[in-house]
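Here the protein sequences line up with chains S and D, keeping their order. Numbering-wise, the first sequence is residues 12 to 245 according to this note's numbering. Numbering-wise, the second sequence is residues 12 to 245 according to this note's numbering. For every residue, glycine included, the Cβ atom is placed at its ideal position computed from N, Cα and C.
Number of protein chains: 2
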Amino acid sequence: MTQNTPDFYQVKEKMYVATDCIIFGLHQGKLKLLVFKRKVEPLSGEWSLIGSFVRLDEDLEVAGQRVLHEATGLENVFMQQLKSYGKKDRDPGYRCISVAQYALIRIDDYNEQVVEEHGAKWFEIDDLPALILDHDLMVQDALRQLRQNARYQPIGFELLPEKFTIPQLQLLYEAIYQKELDPRNFRKKVFSFNVLEKLDEKDKSTSKRGAFLYKFNYENYQKLLKSGYNFEIA
Amino acid sequence: MTQNTPDFYQVKEKMYVATDCIIFGLHQGKLKLLVFKRKVEPLSGEWSLIGSFVRLDEDLEVAGQRVLHEATGLENVFMQQLKSYGKKDRDPGYRCISVAQYALIRIDDYNEQVVEEHGAKWFEIDDLPALILDHDLMVQDALRQLRQNARYQPIGFELLPEKFTIPQLQLLYEAIYQKELDPRNFRKKVFSFNVLEKLDEKDKSTSKRGAFLYKFNYENYQKLLKSGYNFEIA
DNA sequence: ATATTAAATGTATATTTTACATTTATTACC
DNA sequence: GGTAATAAATGTAAAATATACATTTAATAT
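Printed below as a string of structure tokens:
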């Protein structure tokens with residue numbers, strides 16, 4: 012809440028509210044993080060997450076989408092609030108709390124260009140540079156949450172193109188959990204949820220035989236959730 | 012982050028930052044929520060969570076503990092950040108974001124007094140009054156998170172006294188999940204984690220025979236976590 | 001036609017979860 | 001002091017789920 016009962020709660024002091032985005036993407040079967048080279052002082056030239064102050068007339072989620080759009084050119088991206096970071100001295104300049112949000116995007120050639128114009132770079136998850144302030148902590152927390160959420164939500168699908176193959180899906184989960192999975196058991200599991208729709212097309216980019224493309228069926232997923240089931244993979 | 016790259020990020024506007032506490036307790040085997048009757052305008056007399064503005068020289072978590080202490084007299088309470096609520100018009104008076112944190116406390120006679128002095132009341136989880144602003148939403152989110160977290164963390168122990176019986180523990184989990192559990196299977200499960208220490212005492216308050224008291228072994232729990240295991244109950 | 005390569009598939013075993021009923025320790029009452 | 005009452009404590013068999021593991025298949029390139 013806000014103002015409540017006794018007087019001692021009424022110390023009213025404004026502060027800056029920022030939002031920082033932990034942007035995950037998948038490229039060549041590797042889970043990557045989008046990191047920005049900071050252009051303003053202090054700490055100019057250092058690697059950092061992308062962020063912004065939240066405006067007075069702007070919802071928190073809207074601020075996150077705005078930051079993401081400005082940094083990548085993408086709209087309506089899958090984004091989820093992680094948590095807020097509010098140590099009093101987390102930012103040396105002024106008191107500022109930051110609401111971290113994490114995004115999952117599909118890396119493609121188009122937005123790779125926009126990304127580069129911003130001095131940004133995709134780093135593999137296990138080869139990240141040091142980031143400014145508490146951003147390293149944010150990334151660790153986001154990874155933990157991504158892994159946790161991926162167990163119960165079909166989050167992975169946000170990272171893949173609309174049409175994808177089972178081997179791609181498996182690679183994604185292997186990237187998230189940093190663990191090899193058995194292809195037979197993996198297929199058994201994902202098919203058991205009944206949320207994959209097999210298409211008549213094949214992706215032949217990785218083999219002569221080609222792999223069938225699938226798409227995700229959101230209606231079945233909703234049914235699955237309502238029936239109280241868990242979408243647990245890996 | 013905070014300030015980063017292009018100019019458009021540099022719209023710097025301060026706002027109020029509040030923290031609201033979702034306080035859960037367990038009483039007579041029922042999961043309860045501590046709710047406060049608001050004493051100041053606007054919305055005076057309505058039910059509300061307890062909260063406060065975060066001070067400039069105060070960490071977020073410290074603010075949460077302060078609110079909790081002022082409302083219940085308790086210190087060092089188990090508390091976990093839930094998420095931040097930042098719709099631009101969530102508070103009609105002024106722009107304010109609220110970081111919700113949820114607490115688990117042991118209800119006992121001592122702090123029941125302090126609680127009443129603040130015009131507060133414990134409500135059963137399935138019989139809550141309407142709360143002001145977005146507080147209903149916060150409670151729903153907190154319940155979902157409590158249920159989620161209880162699967163993987165021994166959160167339940169925060170709600171019980173130091174010494175507790177297995178039937179008490181089972182009632183707690185039944186209250187959290189709103190579901191009856193089988194006593195044989197429940198015991199099998201909790202004992203399998205090897206984190207309960209049987210004491211030589213019995214609690215005879217609920218039966219002639221009495222039920223053995225147990226306490227929680229944090230060291231074993233740490234070991235369990237490190238070995239990569241899941242503390243999954245129910 | 002043949003070689004090559006990733007995609008696709010099934011089965012047996014181990015583990016975990018579920019369902020279910022009786023005995024036991026203690027107190028209160030007669 | 002024996003008996004009734006009551007919640008605590010316990011085990012086992014069946015079902016469901018997870019794991020481990022090797023071969024066949026479809027398509028292309030030579």
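Cβ neighbour criterion (16 or more within 10 Å) applied to residue i
i, result
"threonine 83 (chain D)", "buried"
"glutamate 69 (chain D)", "buried"
"alanine 141 (chain D)", "exposed"
"tyrosine 96 (chain S)", "buried"
"leucine 47 (chain S)", "Rather than leucine, the amino acid found at residue 47 (chain S) in this sequence is phenylalanine. When all chains shown are included, phenylalanine 47 (chain S) counts as buried."
"phenylalanine 202 (chain S)", "exposed"
"asparagine 15 (chain D)", "In this prediction, asparagine 15 (chain D) has a pLDDT of 47, which is less than 50 and means its spatial position is unreliable; nothing more can be read from the coordinates."
"valine 5 (chain D)", "What the structure shows of chain D is the stretch from 12 to 245, and residue 5 (chain D) is not part of that stretch, so it cannot be assessed."
"tyrosine 240 (chain S)", "exposed"
"valine 150 (chain D)", "buried"
"valine 51 (chain D)", "exposed"
"glutamine 189 (chain D)", "exposed"
"lysine 234 (chain S)", "exposed"
"arginine 195 (chain D)", "exposed"
"phenylalanine 35 (chain S)", "buried"
"methionine 12 (chain S)", "Only weak support exists for where methionine 12 (chain S) lies, its pLDDT of 41 falling under 50; the value from the coordinates is given anyway. Buried."
"aspartate 31 (chain D)", "buried"
"phenylalanine 223 (chain S)", "exposed"
"alanine 29 (chain D)", "buried"
First and last residue of the uninterrupted beta strand (DSSP E) at residue i
i, result
"aspartate 137 (chain D)", "Run containing aspartate 137 (chain D): none; DSSP gives neither H nor E here."
"phenylalanine 64 (chain S)", "61-64"
"phenylalanine 89 (chain D)", "89-96"
"arginine 209 (chain D)", "Residue identity check: residue 209 (chain D) is lysine in the sequence provided, not arginine. 207-214 is the extent of the beta strand (DSSP E) around lysine 209 (chain D)."
"arginine 198 (chain D)", "It is not in any beta strand (DSSP E) - arginine 198 (chain D) instead sits in the alpha helix (DSSP H) that spans 194-203."
"valine 110 (chain S)", "107-117"
Length of the line joining the Cα atoms of residue i and residue j
i, j, result
"valine 206 (chain S)", "proline 103 (chain S)", "48 Å"
"serine 55 (chain D)", "aspartate 145 (chain D)", "16 Å"
"lysine 219 (chain S)", "tyrosine 163 (chain D)", "44 Å"
"serine 216 (chain S)", "asparagine 231 (chain S)", "29 Å"
"glutamate 169 (chain D)", "glutamine 39 (chain D)", "15 Å"
"arginine 106 (chain D)", "arginine 66 (chain S)", "10 Å"
"methionine 90 (chain D)", "isoleucine 166 (chain D)", "10 Å"
"aspartate 193 (chain D)", "lysine 174 (chain D)", "22 Å"
"phenylalanine 204 (chain D)", "threonine 176 (chain D)", "16 Å"
"asparagine 228 (chain D)", "lysine 209 (chain S)", "50 Å"
"leucine 180 (chain D)", "leucine 171 (chain D)", "8 Å"
"aspartate 100 (chain D)", "tyrosine 27 (chain D)", "13 Å"
"lysine 213 (chain D)", "lysine 200 (chain D)", "21 Å"
"leucine 42 (chain D)", "alanine 74 (chain S)", "36 Å"
"alanine 161 (chain D)", "histidine 80 (chain D)", "24 Å"
"alanine 153 (chain S)", "glutamine 124 (chain S)", "25 Å"
"asparagine 122 (chain S)", "leucine 85 (chain D)", "51 Å"
"serine 238 (chain D)", "glutamate 191 (chain S)", "19 Å"
"tyrosine 113 (chain D)", "isoleucine 136 (chain D)", "14 Å"
"phenylalanine 258 (chain D)", "glutamine 159 (chain D)", "The displayed coordinates of chain D run from 12 to 245. Any statement about residue 258 (chain D) would go beyond what the structure contains."
"glutamine 21 (chain D)", "valine 126 (chain D)", "44 Å"
"isoleucine 187 (chain D)", "tryptophan 58 (chain S)", "43 Å"
First through last residue of the alpha helix (DSSP H) which encompasses residue i
i, result
"aspartate 147 (chain S)", "146-163"
"leucine 171 (chain D)", "From DSSP, leucine 171 (chain D) is part of no alpha helix (DSSP H); its letter is neither H nor E."
"isoleucine 177 (chain D)", "177-188"
"glutamine 233 (chain S)", "229-237"
* Note down, in chain order, all residues in the region 124-142 of chain S with a beta-carbon under 8 Å from any beta-carbon belonging to chain D. => Near chain D, meaning a CB-to-CB distance below 8 Å, the residues of the region 124-142 of chain S are His129, Gly130.
* Asked: Which full runs of the alpha helix (DSSP H) of 4+ residues lie inside the region 28-88 of chain D, going along the chain?
  -> With a minimum length of 4 residues, the continuous alpha helix (DSSP H) runs that stay inside the region 28-88 of chain D are 71-83.
* What are the residues of the region 49-70 of chain D that lie near chain S, defined by any Cβ-Cβ distance shorter than 8 Å? -> Cβ contacts with chain S: Arg49, Lys50, Val51, Ser59, Leu60, Ile61, Gly62, Ser63, Phe64, Val65, Arg66, Leu67, Asp68, Glu69, Asp70.
* To do: Check each residue of the region 87-111 of chain S: if its Cβ is closer than 7 Å to any Cβ of chain D, include it; give the result in chain order.
  => Answer set for the region 87-111 of chain S: Gln92, Lys94, Ser95, Gly97, Lys98, Lys99, Asp102, Arg106, Cys107, Ile108, Ser109, Val110.
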